[in-house]
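Taking it in order: structure first as structure tokens, then the write-up.
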Amino acid sequence: NAGVMQNPRHLVRRRGQEARLRCSPMKGHSHVYWYRQLPEEGLKFMVYLQKENIIDESGMPKERFSAEFPKEGPSILRIQQVVRGDSAAYFCASSPDSSFYNEQFFGPGTRLTVL
Amino acid sequence: AQSVAQPEDQVNVAEGNPLTVKCTYSVSGNPYLFWYVQYPNRGLQFLLKYITGDNLVKGSYGFEAEFNKSQTSFHLKKPSALVSDSALYFCAVRDRSGNTPLVFGKGTRLSVIA
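Chains as they are written, first to last, in this note's numbering: chain A, 1 to 115; chain B, 1001 to 1114.
Set out below in structure tokens:
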């Protein structure tokens, strides 16, 4: 059973470009979470999605960031017009349902570097 | 608002000695508590969780944690540390009474010295 897959693992963008990060959850999981990790800091929640629905986007910046989880295909975190402050590791996690006590399974992350 | 404090940025332990990584939390209701470990350039791996019942929770790789409601703590422990335990450890909390996201501490870097 493959784990959570993320690609690309490393992404380099110049200021003003767009970054698209992909996440395929574990088989059988329909709930996806995105987190951002800055150097020497813990993970900060960004957004929680279920298939075709955004459940909680309280941690996502209001501008330039968007996320989707279509009926078919991976979840996408999109960052438009990237700035140097967007440089971070972005992790995706999945769970089988919305139960609060379920642990989340994490992907290996995408390390975004903005030049 | 939920929060997690990991008061030590770094913990150094000699191989074979017991280890403790500290975590305290704050939630408005009752918590679900989790420990995760992160190895270099990898995602987080689940170690153990407290949901309800016995305050002492046993998890992967010989780790355990004790839930202490009065001290709002959930310290991670292992009786005998291995060099391979060296990694970054994160405590996380979720309030079981509300629809709130998982909140992580800043992490504690554990270094086990041979």
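Just so it is clear, CB atoms sit at the ideal spot from N, CA and C, and this is done for glycine as well. Just so it is clear, the structure is predicted and the values come from calculations on it, not from any experiment.
With DSSP as the reference, identify every bridge partner of residue i, one or two as the case may be.
i: Leu1044 of chain B; result: B:Gln1038
i: Phe69 of chain A; result: The partner list for Phe69 of chain A (beta bridge, DSSP) is empty, contrary to what the question assumes.
i: Ser98 of chain A; result: Its beta-bridge partners do not exist; DSSP assigns none.
i: Gln104 of chain A; result: Answer by DSSP bridge pairing: none, since Gln104 of chain A is not bridged.
i: Val1004 of chain B; result: B:Tyr1025
i: Asn1012 of chain B; result: B:Ser1111
i: Asn1017 of chain B; result: In the DSSP output, where bridge partners are listed per residue, Asn1017 of chain B has none listed.
Under 9 Å between the Cβ atoms of residue i and residue j?
i: Phe105 of chain A; j: Trp34 of chain A; result: no
i: Ser30 of chain A; j: Pro96 of chain A; result: yes
i: Glu103 of chain A; j: Gly1107 of chain B; result: no
i: Pro39 of chain A; j: Ala88 of chain A; result: yes
i: Pro1031 of chain B; j: Val1093 of chain B; result: yes
i: Glu18 of chain A; j: Val82 of chain A; result: yes
Please check the pair residue i and residue j, which I expect to be a contact at CB under 8 Å, by giving their CB distance rounded to whole angstroms.
i: Phe1063 of chain B; j: Leu1047 of chain B; result: 5 Å
Exercise. Can you find at least 3 beta carbon pairs, one from the region 9-24 of chain A and one from the region 67-80 of chain A, that sit closer than 8 Å?
Worked result: They touch, by the three-pair rule.
Exercise. Should the region 1097-1113 of chain B be called in touch with the region 1009-1027 of chain B, which here means at least 3 C-beta pairs below 8 Å?
Worked result: yes
For this session: Counting only runs of 3+ residues fully inside the region 18-86 of chain A, write out the beta strand (DSSP E) ranges in chain order.
Result: 19-24, 31-37, 43-50, 53-56, 65-68 and 75-79
Problem set entry | Segments assigned alpha helix (DSSP H), at least 4 residues, entirely inside the region 1041-1081 of chain B | none
Exercise. Is there contact here, the region 49-61 of chain A with the region 8-19 of chain A, by at least three beta-carbon pairs under 8 Å?
Worked result: no
For this session: Decide if the region 1021-1030 of chain B is in contact with the region 1092-1099 of chain B; the criterion is three or more beta carbon pairs, one per stretch, under 8 Å apart.
Result: yes
Exercise. Pairing CB atoms from the region 1003-1010 of chain B with CB atoms from the region 1045-1056 of chain B, are three or more of them under 8 Å?
Worked result: no
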